[in-house]
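One structure is given here, and the rest of the page talks about it.
Residue numbers (the working numbering): 351 to 1104.
Right, here's the structure in full:
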């Protein structure tokens, strides 16, 4: 028995180690950080791109100064790197003169406005720099500091301070009256000299604090008062030196074709130069890049969707979570041109939950990453969805590419949010793209445990078209959806297929429907709704659990007889087995009846786990109160305290950077239930099995240490229900005068079909 126990423990440890090894093996080989940096640098030089922004020591991106560090670095790099020389004997096209980088804010961060988001555009590449959701339900769960607004801060030397590049309506800065070109010299008592000093000063305050902002405006000092807020969630944002969202460049101009490793065609740096801002207001902006020598003009137009119905709940579902994006290429010359363009997808999606998130892949070749590329193609009027795992892209593995296929939508899927580019085609089977290439767009983190943080996106190259003189060609309109993965919202855009629950998807949807009924209709908190769901499920399963309890009681009553048979047939296992079966038949006992409820509960457990893991409505739903930081997110572990500073790295790779008390309480209740209700062993083998079950509970505790706290609430409520249920069931054991269990069992006289 001791040898078997030792072998069991060894196998359990091997399973855990094998699971960790397989997870890393499926993610692909990890490049050496130094070699990776060298390779990225060589690639950037060859492509004419900017050098990569150094990473922080932990492998994550360095602070981006509210989005300007990336842009300013890129702008400086392009100014220092003139366009590549033209081919010998060819006259290089006249370039649009260098223009200062400008930023534009569309929409508002005020939830009462007719918009659902605040969008920041930059003239550098005429790209989308940032999209912030304005609903109070969607705040940045990983940012603890105070938020003033993303201001596009630059440096100023006279006077010294940080120059404001953009002010978003509805932000604390916008409400306070801060304006573009103001120079911030101090925040409260803290003097600031650049954007980094502004970030450091804001870190000393908390959301809700009221601070005085000292600025220089047109050479005169001005004092403004701002009430700082919690940081909103950025669906897309600048990250490292990654390309910005919706960067565009020409992929073909007549005989010139863009090298896939290059950023732009020779002498046509559309993606890394500042475009001309033609017009803009609170909901639209138009950028232009003119090439008079070639005879081409490229226009990029942005229009932000508004809430459809006046007075509609700003947090409710509507088709307003998107940015309309138009591309138009005009031929202003005297000769026709063969033209195609290359468009970049969304980048910088949220990575929250990267250490506990467990997305299910649609394929058997690997698990989902924190950020995955999703592509849907039209097949006979239906969208066929495929996922390219971010883990695969991080490992530079070969992945699927789509060539000359009717793309319905493509984008990046995160745990609770998504950014999807939806071509507005006349016909679903229309082909716009000659090639769509999912790719890694950011550096691989040096820390292997942070591999999931790699930024991913795609590049789409359009089909080449001829544009005749004086005409416009390649006029394409897209919707850029950027919002929460709320089923009703996704369905409005035809994106409901991007939420994937796995094998037991039907169970997951039913669990969520019941949960939302309790919360939305009965107006109870989600923690109480989960307990009510537990009561509902356990009540529906009461007949099965009752049979399980009766089976356990019968087993306990038959224990003396089983022990006698074990002694009688000690050396004849076959005879013992036949005698036990005869005993079971005599007393109408089925040993498998006690296992049936466990198998029936398995789909419910998996379905509920999946639903709680991906439901954005449970994100940031507190167990107790919003004022209590512990268990403030039912879709995440409870995170009682951080042990990142002293827990070994290998342990953190299994358990995460926080100690979670709810999984420990859950496993403790499971073990207590076993000790209370498991019948005493009749032989050494049964005793060994019970020991193994106890050890398995500890192993399950390690494996489920990072499950959502909402799921732990379900298990705790279910365990307490089970204990009460078993305690309240009437005892069926009758005692004989001698004190021994009677051979006649009360429940045995019930019909066998019960």
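The beta carbon of each residue, even a glycine, is placed where N, CA and C say it ideally should be.
Nearest C-alpha to residue 620 among 576, 467, 1064, 448: 448.
Straight-line measurement puts the Cα of residue 854 at about 46 angstroms from the Cα of residue 501. The beta strand (DSSP E) runs of length 3 or more contained entirely in the stretch 679-726 are, from start to end of the chain, 687-694. Shown here for residue 624: same chain residues with a beta carbon closer than 6 angstroms to its own, the five before and five after excluded, namely 449, 451, 473, 474 in chain order. Taken in chain order, the complete beta strand (DSSP E) segments of 3 or more residues contained in the stretch 609-668 are 626-630, 634-641, 646-654. Just measuring C-alpha positions, the residue of 837, 476, 844, 536 sitting nearest residue 863 is 837. Taking 8 angstroms as the upper bound for CB-CB distance, residue 1057 and residue 954 are not in contact here, some 15 angstroms apart. Beta-bridge partners of residue 757 (DSSP): 727. In this structure, the beta-carbon distance from residue 723 to residue 795 does not fall below 7 angstroms. Here the stretch 814-823 makes no contact with the stretch 753-773; the two share fewer than three CB pairs at distances below 8 angstroms. Residues of the same chain with a CB within less than 6 angstroms of the CB of residue 460, apart from the 5 flanking positions on each side, are 520 in chain order. DSSP, read as helix, strand or coil, puts residue 465 in coil. Excluding the 5 residues flanking it on each side, residue 811 has same chain C-beta neighbours closer than 7 angstroms at 601, 690, 692, 783, 784, 785, in chain order. Annotated three-state conformation of residue 860 is helix, per DSSP.
Shortest Cα-Cα distance from residue 835 to any of 964, 979, 737, 1074 involves 964. Rounded to the nearest angstrom, the gap between the Cα atoms of residue 750 and residue 738 is 7 angstroms. Out of 1053, 465, 926, 959, the CA that lies nearest to the CA of residue 658 is found in 465. Close CB contacts of residue 721 within its chain, under the 6 angstroms cut and outside five residues either way in sequence, are with 699, 740, 762, 764, 806 (chain order). For the pair residue 577 and residue 560, the CB atoms are nearer than the 7 angstroms cut-off. Taking 7 angstroms as the cut-off, the beta carbon of residue 758 is found closer than this to the beta carbon of residue 726. Here residue 885 carries a helix assignment [DSSP, helix/strand/coil]. Taking the Cβ atoms as the reference, residue 613 lies roughly 7 angstroms from residue 599, within the contact range of under 8 angstroms. Taking the Cα of residue 694 as reference, the smallest distance to any Cα among 562, 636, 597 is reached at 597. Look at residue 674 here: in three-state DSSP terms it is strand.
A residue is called buried once 16 or more other Cβ atoms fall within 10 Å of its Cβ, and residue 636 is buried on that count.
Assigned with DSSP and collapsed to three states, residue 833 falls in strand. For the 7 angstroms CB-CB criterion, residue 654 and residue 515 do not form a contact. DSSP, read as helix, strand or coil, puts residue 741 in helix. Excluding residues up to 5 positions away in sequence, 563, 574, 575, 576 lie with their Cβ nearer than 7 angstroms to the Cβ of residue 526 in the same chain. If one requires a minimum length of 4 residues, the alpha helix (DSSP H) runs lying completely within the stretch 798-845 are 837-842, in chain order. Burial check for residue 672: the Cβ neighbour count within 10 Å reaches 16 or more, so the residue is buried.
Going by beta carbons, residue 960 and residue 1051 fall outside the 7 angstroms limit.
Where residue 1060 is concerned, the enclosing alpha helix (DSSP H) starts and stops at 1059-1078. In this structure, the alpha-carbon of residue 999 lies about 23 angstroms from that of residue 493. In the structure shown, the three-state DSSP call for residue 490 is coil.
Residue 996 and residue 490 have their C-alpha atoms spaced approximately 26 angstroms apart.
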